[in-house]
Amino acid sequence: MARIVITNRIPTEGVELLKAEHDVWMWDEEETISREECLRRIAGADAVLTLLTEKVDDEFLDAAGEQLKVVANVAVGFNNIDVAACDARSIVATNTPKVLTETTADTAFGLMLMVTRRFGEGERIIRSQTPWQWGMFYLLGTGLQGKTLGIVGAGQIGVAMARRAKAFGMNVVYCDAYEMDPQVAAELGAQRLETDELLASADVVSLHCPLIPAGQEGSTYHLIDADALARMKPTAFVVNSARGPIIDEEALVEALRAGQIAGAGLDVFENEPTVHPGLLELDNVVLLPHLGSATVETRTAMAELAANNALALLRGEEAITPVTQARRIRG
Ligand code: DGY
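The sequence shown begins at 0 in numbering that gives the first Met the number 0 and counts up by one.
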């Protein structure tokens, strides 16, 4: 029987799968485990299930010990894991792609609708009991039909977002290190552009690339910086449901204040859970607390996939969704 540590609460379905075969300990509190407690608890674990709030680095791996075989992240994004450090110790890192694709695309699409149609502003007006009246010119938004959606990162979530946009009568352009499957691109009428061309032509720029740290090949850290924002149309919006640090938040606040772009819909932030105070003051911004994959069904599927990854590796089988070199770049 192996020892498995789950560093924060996950749905029971995933925990039960693990318990059927192994000895399992899970941090079962509402608040996130402290670093100190986490390092103490993972000592001697053969497998660890982590959330995006845990930094899996040399310190973490040292604390776990040499017997550790697998770090199963319960998230598709794995920027919290130092994969090179895992590789160096022959520890397999896994993530949870596919099961959260549609849910996350729904979130991105919801943000796009909220910000372009000013639904967030409308909700705030009613809740704050500000007087209002229907009017021909009251709180007019921007329609999406016939507009261009620029997808940055055409992996599974980017394509799912593009499908939604197509159904809404939008044109789709994308930029990615990889070409979209030609059949899918043809179905969506999606045209591949260079990033700068996409920024200059899109009415909505939606981010779906992984966060790759500064200094690494294909880095996406601050991909949307002051220069990128300056290339966008003053009528354009940016939507981020990927990772906060892909946008330079300080530059975004400046661009929004200066009217350089029309608005932003954000589910993720540079220093979560802190939100840049400048964003809170702006009406043309919609802010969500990292809800991308937050449905009962999806979180259950994520927990089950992470558990099955750990179980497979502990049985000496291949991982179902290991973090591979291609996916490190593509997401
Ligand atoms: C992920 O999976 O990477 C999301 O950000 C959390 O579900």
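Cβ coordinates follow ideal geometry from the N, Cα and C atoms, glycine included.
Bear in mind that the values here come from a model prediction, so they are computed numbers and not experimental data.
Check: Three-state secondary structure assigned by DSSP to Asp-195; Outcome: helix
Check: Assigned secondary structure, Gly-76 (DSSP; H/G/I helix, E/B strand, else coil); Outcome: coil
Check: Euclidean distance between Cα positions of Asp-202 and Gly-145; Outcome: 10 Å
Check: Neighbour-count burial assignment, Ile-41, 16 or more Cβ in a 10 Å radius; Outcome: buried
Check: Closer than 8 Å: Ser-205 CB and nearest the ligand DGY heavy atom; Outcome: no
Check: Cβ contact (3+ pairs, closer than 8 Å) linking the region 274–294 and the region 248–257; Outcome: yes
Check: Thr-103 CB to nearest heavy atom of the ligand DGY below 8 Å; Outcome: yes
Check: Own chain residues within Cβ distance below 6 Å of Pro-10, not counting five before or after; Outcome: Arg-298, Thr-299, Ala-302
Check: Unbroken stretches of the beta strand (DSSP E), 3 residues or longer, contained in the region 189–265; Outcome: 203–206, 236–239, 262–265
Check: Residues bridged to Met-25 (per DSSP); Outcome: Ile-5
Check: Met-113: CB within 8 Å of a non-hydrogen atom of the ligand DGY; Outcome: no
Check: Supposed contact pair Met-231 and Ile-211 - C-beta distance, whole angstroms, cut 8 Å; Outcome: Their Cβ separation, rounded to whole angstroms, is 22 Å, which puts Ile-211 and Met-231 out of contact at 8 Å.
Check: Distance cut-off 8 Å: Val-75 Cβ against heavy atoms of the ligand NAD; Outcome: With respect to the ligand NAD, the structure shown offers nothing to examine, as its ligands consist of the ligand DGY.
Check: Straight-line Cα distance separating Ala-104 from Thr-219; Outcome: 20 Å
Check: For Leu-48: DSSP bridge partner residues; Outcome: Ile-5, Ala-71
Check: Beta-carbon gap between Met-160 and Phe-108 smaller than 9 Å; Outcome: yes
Check: Range of the contiguous beta strand (DSSP E) that encloses Ile-125; Outcome: Per DSSP, Ile-125 belongs to no beta strand (DSSP E); it is in the alpha helix (DSSP H), 118–126.
Check: Buried versus exposed call for Met-0 [16 or more other C-beta atoms within 10 Å across all chains shown]; Outcome: exposed
Check: Helix, strand or coil at Ala-92 [DSSP, three-state]; Outcome: strand
Check: Proximity below 9 Å, CB of Glu-20 to CB of Leu-304; Outcome: no
Check: Option nearest Gly-64 by Cα separation, candidates Asn-72, Gly-168, Val-4; Outcome: Val-4
Check: Own chain partners of Asp-195 with C-beta closer than 7 Å, once the 5 adjacent residues on each side are dropped; Outcome: Arg-230
Check: Local Cβ density within 10 Å of Glu-101, reported as buried at 16 or more and exposed below that; Outcome: buried
Check: Met-160 beta carbon near the ligand DGY (any heavy atom closer than 8 Å); Outcome: no
Check: Inter-residue Cα distance where the pair is Cys-174 and Glu-216; Outcome: 16 Å
Check: Contact set for His-332: own chain, Cβ-Cβ below 8 Å, skip 5 residues either direction; Outcome: Residue 332 cannot be examined here, being either before or after the span of the chain that is shown, 0 to 330.
Check: Helix, strand or coil at Gly-13 [DSSP, three-state]; Outcome: helix
Check: Local Cβ density within 10 Å of Asp-266, reported as buried at 16 or more and exposed below that; Outcome: buried
Check: Near the ligand DGY: Leu-99 beta-carbon under 8 Å from a heavy atom; Outcome: yes
Check: Selected residue, minimal CA-CA separation from Val-114, among Glu-58, Val-98, Lys-68, Val-204; Outcome: Val-204
Check: Contact under 9 Å by Cβ, His-221 with Ile-245; Outcome: yes
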